[in-house]
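J.: Counting in our numbering, the final residue of the sequence shown is number 772, and the numbers go up one at a time with none missing.
Quick reminder that beta carbons are idealized off the backbone N, C-alpha and C, glycines included.
Predicted model, so just to flag it, every value in this text is computed and none were measured.
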Amino acid sequence: MSAAEAALHESSVSSALVSIFRGKFCDALLPGRGALHFAADEILYDVGDRNRVVFFVRKGFVKIGTLTPEGREVIYDIRKDGDVVGELCACHTPRRDRAVALEPAEAIRVPYSEIVDALRGNPDLLVKLLEIFCNCLADAYDQITTLASQDLPGRLVQVLLGLASKIGRPAGEAVQIPAYLTQEEISQMVGARRERVSTALNSLRRRGLLEYSSRGHLLLHVAALRDFAP
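(1) Would DSSP call ASP619 helix, strand or coil?
(2) Quick check: the region 761-769 against the region 695-704, are there 3 or more CB pairs under 8 Å?
(3) For TYR587, count neighbouring C-beta atoms within 10 Å of its own C-beta (all shown protein chains included) and say buried if the count is 16 or more, exposed if not.
(4) Taking C-beta to C-beta, are ARG621 and VAL589 nearer than 7 Å?
(5) Express the C-alpha separation of LEU698 and ALA493 in angstroms, rounding to a whole number.
(6) Go through its chain and collect everything with a Cβ distance to ALA734's Cβ below 6 Å, but skip five positions before and after it.
(7) Which term fits SER534, buried or exposed, when burial requires 16 or more other beta carbons within 10 angstroms of its beta carbon?
(8) Put VAL764 into one of helix, strand or coil per three-state DSSP.
(9) Distance, Cα to Cα, ASN744 vs ALA581?
(10) To the nearest angstrom, how far is the alpha carbon of SER756 from that of ASN664?
(11) With a threshold of 16 other CB atoms inside 10 Å of the CB of ARG640, please say whether the residue is buried or exposed.
(12) Take TYR736 and list the residues in its own chain whose beta-carbon comes closer than 6 Å to its own, dropping the five residues that flank it on each side.
(13) Under 7 Å, do PHE597 and VAL627 count as touching if we go by C-beta distance?
(14) Pick helix, strand or coil for GLU656, following the three-state DSSP scheme.
(15) Report the residue ranges of all beta strand (DSSP E) runs contained in full by the region 681-748; include only those spanning at least 3 residues, in chain order.
(16) Going by other Cβ atoms of all chains shown within 10 Å of its Cβ, with 16 needed for buried, is LEU550 buried or exposed?
(17) For the candidate residues ALA721, LEU609, VAL652, whose alpha-carbon lies nearest to that of ARG575?
(18) Relative to the alpha-carbon of ILE650, which residue among ALA660, VAL658, ARG600 has its alpha-carbon at the smallest distance?
(19) I need the straight-line Cα distance from SER740 to LEU746, nearest angstrom please.
(20) Going by the C-beta, is GLU584 closer than 6 Å to any heavy atom of the ligand ZN?
(21) Could you please give me the residues that DSSP links to THR608 through a beta bridge?
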């Protein structure tokens, strides 16, 4: 399995677990716990860590990814307030993923053992968990096909549309990505060199498919991006 395919697999498993840990588990586990504060670029946990803890994000944005054997960073998700990070400790230790604050963030730390106790009290969720994993596996195959068949502009458009769907906020006729992402970070999401991603972003900008706010945040014209055919 290539590094890109491995990252997609991790992303699919992660998405399944996040959907389980949200909602009533937050209500049951979080009251009375204080939040930890993380500075921009501070690591919540890293590849190789053996601690089995999960973080519930209360403020800010956190990037989730991994490192290739060559030390190159791959980003496969951006999490916001209300999301969970660290959930892959349910699958294996030491950790194969990492979480880094994109900006000042707050998160509540919960030992995985306490989450297991909560799951034991809800056996019906085991069936739901199996269904979610099956659906995510199908999505992973679709993503791998996209990665193998689409060129750089196509992959970039898919990443931008994913960001708009997950964390985007309406901004007039556009959708703003409130997390400030560097071109290097976008390249780590697309799986290409920064220089090539920069050229592709400029091309989309010239076509009127995206622009930047006065603070450098992406402003996406989602309908136009969906219609874009590289």
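T.: By the coordinates alone:
(1) strand
(2) yes
(3) buried
(4) Going by C-beta atoms, ARG621 is not nearer than 7 Å to VAL589.
(5) Given a span of 543 to 772 for the chain in the structure shown, any question on residue 493 remains unanswerable.
(6) Closer than 6 Å at Cβ, skipping near neighbours: LEU694.
(7) In this structure the chain extends from 543 to 772, so residue 534 is not present and cannot be described.
(8) helix
(9) About 30 Å.
(10) 48 Å
(11) Classification for ARG640: buried.
(12) Note that residue 736 is Arg in the sequence shown, not Tyr. So the list reads GLN725, GLU726, SER729, once near-sequence residues are dropped.
(13) Yes, the Cβ-Cβ distance between PHE597 and VAL627 is below 7 Å.
(14) helix
(15) Listed in chain order, the beta strand (DSSP E) runs fully inside the region 681-748 are 711-713, 716-718, counting runs of at least 3 residues.
(16) Legend: pLDDT at LEU550 = 42, less than 50; position of this residue unreliable, no value from coordinates given.
(17) VAL652
(18) ARG600
(19) 10 Å
(20) Ligands are entirely absent from the displayed structure, and the ligand ZN is therefore not among its contents.
(21) VAL616
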